[in-house]
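Under UniProt numbering, the first residue of the sequence shown carries the number 1, and numbering increases by one thereafter.
In this text, a Cβ means the ideal position worked out from N, Cα and C, and glycines have one as well.
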Amino acid sequence: MTATEDVASALPVAAFTDAMSRLVSGLAVVTTRQAGGQPCGLLVSSICSYSVAPPSVLVVLDHASRCRDPLARCAEFGVHVLGSDEERTARTFASRGADKFAGVGWEWDGAVPRLCAAPIYLRCTAKAVFDHGDHTVLIGEVTRTAVAEAEPLVCYRRQFDWGLRRNGVRHP
Ligand SMILES: Cc1cc2nc3c(=O)[nH]c(=O)nc-3n(C[C@H](O)[C@H](O)[C@H](O)COP(=O)(O)O)c2cc1C
């Protein structure tokens with residue numbers, strides 16, 4: 001193993017983002033309803049389980065994202081963990097397209113736009129929002145789950161088309 005080291009006091013952004021790109025993560029689309037009634041959503045890798053009692057998740061939003069304000073102000077939002085056959089959906093919601101919802105199957109679940117094909121769906125009530133640096137942390141209490149068996153879409157070293165099985169990471 002070869003290693004490079006950078007000291008925190010002068011840490012270049014590239015060193016930080018390179019280090020974090022080596023953290024394997026799942027990918028999820030986070031959605032909500034905007035004040036005008038339209039759905040909005042973005043792709044995130046910064047999502048994790050936050051607490052069990054109450055059941056909560058934590059999502060991190062870039063201030064530059066157009067979805068940041070609607071999500072920071074919403075009462076409810078949806079989290080859709082994507083399956084390995086949903087690369088196209090991932091790329092769509094990672095873009096700044098005008099209507100990301102045009103090519104995907106979705107429906108309203110109350111005030112939450114729900115992507116029908118996502119294998120894991122969490123409906124969340126927004127409970128806490130705070131800013132740190134150039135990002136916002138959103139914590140939501142999970143009020144509903146729907147889970148189907150599927151291989152996950154996995155992000156590693158800026159590639160988000162890692163299928164666990166086809167890369168030999170997991171064998172059935
Ligand atoms: C693999 C990957 C992971 C991402 N993770 C996040 C994330 O955790 N939080 C975030 O705010 N943006 C994340 N993004 C960027 C947003 O998906 C992207 O900026 C998107 O265009 C935002 O859409 P919006 O401007 O319509 O809100 C990620 C993008 C990719 C490709």
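Query                                                                                                                                                                 : Result
Which residue from Gln34, Ile139 and Cys116 puts its Cα closest to that of glutamate 107?                                                                             : Cys116
Smallest Cα separation from threonine 32: which of Val154, Gly133 and Phe101?                                                                                         : Phe101
Which ranges would you report for the beta strand (DSSP E) in the UniProt domain "Flavin reductase like" (20 to 162) if only whole runs of at least 3 residues count? : 28 to 33, 39 to 44, 47 to 51, 56 to 62, 76 to 81, 106 to 109, 112 to 115, 120 to 132, 135 to 147 and 153 to 156
Does the beta-carbon distance from valine 154 to valine 24 come in below 8 Å?                                                                                         : yes
Would you call the region 85 to 104 and the region 51 to 58 in contact, with 3 or more CB pairs under 8 Å?                                                            : no
Give the straight-line distance between the Cα atoms of glycine 37 and aspartate 6, rounded to the nearest whole angstrom.                                            : 46 Å
For the candidate residues Leu71, Val29, Val79 and Glu141, whose alpha-carbon lies nearest to that of arginine 88?                                                    : Val29
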